[in-house]
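In what follows, a single structure is set out as structure tokens and then discussed.
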Amino acid sequence: MENLIELNVKETDKNALELKLIKKAVKGDSSAFIETMKVYKGYLYRTAYAYVKSEESALEVLHECTYNAFLNIKTLRNPQYFKTWITRILINTAIKYLRRNENISYIDDTMVLKEPTSNVSIEEKLDLYNAIDLLRENYKTVIILKYFNDLSIEDISSIMDIPLNTVKTYLRRSKENLSKILMEGYLDD
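First residue of the sequence shown: 1, per full-length UniProt numbering; consecutive thereafter.
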């Protein structure tokens with residue numbers, strides 16, 4: 001029981017420190033902004049990678065997102081919503097990047113190979129990633145946030161600035177679309 005209390009205290013301290021850094025960053029402290037971005041860089045990189053499927057491209061999207069966030073940090077009204085704010089910037093940046101590079105298509109097998117071994121074959125994972133790419137942008141965003149970043153429906157609603165029921169509808173429809181896309185692919189083989 002004591003360990004659980006200690007973990008909660010440490011988590012609370014961590015959140016309080018994070019909030020202080022964000023508040024300093026909003027006031028113009030660039031070193032606080034850098035420290036804040038260090039906290040979120042893994043999460044942001046994974047999200048960018050889920051969109052662009054290339055390490056180089058994910059780093060480019062992350063760099064552009066960081067730059068845009070730095071330029072606009074003073075517009076953040078509620079520091080406690082920094083994660084939502086930065087995620088929205090990242091998603092918009094990734095979508096713009098994909099539109100700019102529309103004719104280029106990559107598949108980076110390293111992400112699949114780095115995952116723990118499972119009963120799902122590499123080919124099936126690649127099929128799934130390709131199917132996700134075929135979804136409408138809002139469906140793709142919901143799938144990435146829910147299943148790649150393990151965010152709650154409430155968090156997704158906040159990030160995408162849409163109602164909870166819309167998130168649920170997008171999840172259901174995107175799963176239905178993925179199922180259709182994957183079944184068509186297997187029937188074609």
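We put the beta carbon where it would ideally sit given N, CA and C, even for glycine.
(message) In this structure, how does DSSP classify residue 268 when only helix, strand and coil are distinguished?
(response) Outside the modelled stretch of the chain, which goes from 1 to 189, sits residue 268, for which no answer is possible.
(message) For a quick check, are the C-beta atoms of residue 51 and residue 58 less than 9 Å apart?
(response) Taking 9 Å as the Cβ cut-off, residue 51 and residue 58 qualify as a contacting pair.
(message) Since residue 177 and residue 129 should fall inside the 8 Å C-beta cutoff, what is the C-beta to C-beta distance between them, to a whole number of angstroms?
(response) With a beta-carbon spacing of about 14 Å, residue 177 and residue 129 fall beyond the 8 Å limit used to define contacts.
(message) Please report the distance separating the alpha-carbon of residue 61 from that of residue 85.
(response) 16 Å
(request) Within the same chain, show all residues whose beta-carbon is closer than 8 Å to that of residue 180, passing over the 5 residues directly before and after it, in chain order. (result) none
(request) Could you give the DSSP three-state label for residue 149: helix, strand or coil? (result) coil
(message) Please tell me whether, using a cut-off of 8 Å, the distance from the CB of residue 132 to the nearest non-hydrogen atom of the ligand SAH is below it.
(response) With respect to small molecules bound, the structure shown includes none, and the ligand SAH cannot be examined in it.
(request) Grab the span of the alpha helix (DSSP H) containing residue 41 for me, first residue to last. (result) Element bounds for residue 41: 30-52.
(request) Please determine, among 157, 74, 167, 44, the residue with the shortest C-alpha to C-alpha distance to residue 148. (result) Out of 157, 74, 167, 44, 44 has the C-alpha closest to the C-alpha of residue 148.
(request) Would you be able to state if there are at least three C-beta pairs under 8 Å between the region 165-175 and the region 70-86? (result) no
(request) Excluding the 5 residues preceding and the 5 following residue 144 in the sequence, name in chain order all residues of the same chain whose CB lies nearer than 6 Å to its CB. (result) 50
(message) Could you compute how far the alpha carbon of residue 56 sits from the alpha carbon of residue 63?
(response) 11 Å
(request) Could you tell me the boundaries of the alpha helix (DSSP H) in which residue 124 lies? (result) 122-133
(message) Please identify the residue among 73, 19, 18 whose C-alpha is closest to the C-alpha of residue 30.
(response) 73
(request) Determine, using beta carbons only, whether residue 142 and residue 156 come nearer to each other than 9 Å. (result) yes
(request) Name the two residues that bound the continuous alpha helix (DSSP H) containing residue 140. (result) Where residue 140 is concerned, the enclosing alpha helix (DSSP H) stretches over 137-143.
(request) Whole angstroms is fine: what's the gap from residue 114's alpha carbon to residue 96's? (result) Low per-residue confidence applies at residue 114: pLDDT is 41, beneath 50, and the placement is therefore not dependable enough to give any value.
(request) Have a look at residue 116 and residue 27 and give me their C-alpha separation to the nearest angstrom. (result) For residue 116, the predicted model reports a pLDDT of 42, less than 50, meaning its position is unreliable; a value from the coordinates is still stated below. Each residue's Cα considered, the two are about 42 Å apart.
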